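Contents: one structure, followed by commentary.
In our numbering, the protein residues as written are 74 to 522.
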């Protein structure tokens, strides 16, 4: 492996780790070289925006994307070209929705990308729009992410002055909720609905906005599309793992000295990433993928950060979050808070979320407090078996995955807590943000919002 990138920083509450390797600094190449988000600097580093003016050019880029192995960076990891192929065959001109909602509280990668490299995302949007022959593009950023929205507004003004975009880009601000970034919820909001996930028995059928088919792509995904359109698939695959080429943005948070967003090659060991973030003690556990992800043991840090390797641990790249639990904290208590947060963020239209997740959170809470009744563990495991696959979106499935992993990784604590032996860490200060869930004893002291 090449020499490890040296952590650096870009000011503000969310930092962007700089690197010494140009090979691993692609999406954030401008920021890592001290440049700003303006169009001149962007073109100086990346070159002129790609132009797809004919069928041959479109076919060439589509082929390069297929060979590159680019997958979605919004959480699901779906092959990018499959969605593009499907929309390109529609009779009506589609609408492209750029998903920069980032409802995951522990994630900041899309915000940082738009603040530091808005033109790369916009280039990718224009390329994707050309591939599917889109009517127009809607870039969705919640109002709470003001820095990212401002950077995009400035970038759009620069591009308008130079007339470099073929497709009109509209900036929209859907409501900021955890589930708002789920692609069918975003499509529902764009169509004038309330932004609820849609029941989709056949996800191979395109969604629609006012009778026009719609393609939803994550902001980071589109930045990778822009790079492949410029440099080709061989260049893109020259870094990363054979089964997971390229780089990805990760948000490292929790018990680290240098929290923030960094760009790493897919396949980089989790322990190397934590070393760059200056984790100085063995973690009590590591949360991978975000709140709908999974825990791994604090000693299991050789695992590569790639989809296949994490899948073997029951985890996923997900939203690109790596959360470090302090050694003195209780993983069960932290998991109870996270599941309670996910239950709060439910759209309220499916039984598994409305009734199942609060019950799971309550069981985890009582277990963490050492207040478990003799039947609690059996009841909890039974609930975890019947929830998955019954919701309109993946929120309940993700919460169940998280809870299952907590019971496995913190098995020693589970056994002790089940014998009414709470650990000192159950009242530890929360490690990860859970808006609306302020402390443990959520259900017995009425502190839940």
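Ideal placement from N, C-alpha and C gives every residue a C-beta, glycine not left out. Please read all numbers here as calculations on a predicted model, not as lab measurements.
Nearest-angstrom Cα separation, counted from residue j out to residue i
i: residue 319; j: residue 143; result: 8 Å
i: residue 299; j: residue 492; result: 55 Å
i: residue 477; j: residue 483; result: 10 Å
i: residue 45; j: residue 244; result: Nothing about residue 45 can be reported from this structure: the residues present for the chain run from 74 to 522 only.
i: residue 357; j: residue 135; result: 44 Å
i: residue 425; j: residue 467; result: 11 Å
i: residue 388; j: residue 397; result: 15 Å
i: residue 409; j: residue 235; result: 52 Å
i: residue 157; j: residue 145; result: 11 Å
i: residue 218; j: residue 404; result: 30 Å
i: residue 296; j: residue 100; result: 7 Å
i: residue 498; j: residue 279; result: 47 Å
i: residue 309; j: residue 200; result: 16 Å
i: residue 131; j: residue 120; result: 19 Å
i: residue 436; j: residue 449; result: 7 Å
i: residue 118; j: residue 369; result: 38 Å
i: residue 441; j: residue 454; result: 15 Å
i: residue 194; j: residue 452; result: 46 Å
i: residue 290; j: residue 416; result: 26 Å
i: residue 359; j: residue 329; result: 11 Å
i: residue 141; j: residue 301; result: 7 Å
i: residue 179; j: residue 323; result: 11 Å
i: residue 220; j: residue 284; result: 33 Å
i: residue 471; j: residue 400; result: 24 Å
i: residue 506; j: residue 165; result: 42 Å
i: residue 167; j: residue 205; result: 7 Å
i: residue 271; j: residue 353; result: 44 Å
i: residue 106; j: residue 115; result: 11 Å
Residue(s) in a DSSP beta bridge with residue i
i: residue 342; result: 377
i: residue 134; result: According to DSSP, residue 134 bridges with nothing at all.
i: residue 152; result: 144
i: residue 358; result: 398
i: residue 333; result: 325
i: residue 172; result: 213 and 291
Assigned exposure category for residue i - 16 Cβ within 10 Å defines buried
i: residue 203; result: buried
i: residue 394; result: buried
i: residue 315; result: exposed
i: residue 188; result: buried
i: residue 256; result: buried
i: residue 469; result: buried
i: residue 177; result: buried
i: residue 268; result: buried
i: residue 392; result: buried
i: residue 137; result: buried
i: residue 325; result: buried
i: residue 371; result: buried
i: residue 232; result: buried
i: residue 459; result: exposed
i: residue 385; result: exposed
i: residue 98; result: buried
i: residue 439; result: buried
i: residue 447; result: exposed
i: residue 184; result: buried
i: residue 303; result: buried
i: residue 265; result: exposed
i: residue 488; result: exposed
Chain C within 9 Å of residue i, Cβ atoms only
i: residue 194; result: Within the model displayed, chain C is absent; a lone protein chain is all it includes.
CB-CB length for residue i against residue j, believed under 8 Å
i: residue 501; j: residue 402; result: 4 Å
i: residue 414; j: residue 509; result: 7 Å
i: residue 292; j: residue 186; result: 6 Å
i: residue 379; j: residue 344; result: Incorrect: roughly 14 Å between the Cβ atoms, too far for contact.
i: residue 350; j: residue 332; result: 7 Å
i: residue 366; j: residue 474; result: 7 Å
i: residue 259; j: residue 174; result: 7 Å
i: residue 112; j: residue 192; result: 6 Å
i: residue 504; j: residue 418; result: 18 Å between Cβ atoms; not a contact.
i: residue 228; j: residue 169; result: The Cβ separation is near 17 Å, so there is no contact.
i: residue 123; j: residue 196; result: 7 Å
Near the ligand FAD: residue i beta-carbon under 8 Å from a heavy atom
i: residue 232; result: Among the components modelled here there is no ligand, and therefore nothing to report on the ligand FAD.
Residue ranges of each beta strand (DSSP E) run of no fewer than 3 residues wholly in the stretch 269 to 330, ordered along the chain? Annotation: the stretch 269 to 330 contains the following complete segments of the beta strand (DSSP E) (minimum length 3 residues), in chain order: 280 to 282, 285 to 291 and 320 to 327.
What beta strand (DSSP E) runs, 3 residues minimum, are completely inside the stretch 362 to 392? 367 to 369
Could I get the ranges of all uninterrupted alpha helix (DSSP H) runs contained in the stretch 188 to 252, with 4 residues as the minimum, in chain order? 191 to 205 and 219 to 235
Let me know the alpha helix (DSSP H) ranges lying completely inside the stretch 402 to 433, each 4 residues or longer, listed in chain order. 404 to 417
At what residue ranges does the stretch 441 to 492 contain a whole run of the alpha helix (DSSP H), taking only runs of 4 or more? 449 to 459, 468 to 482 and 484 to 491
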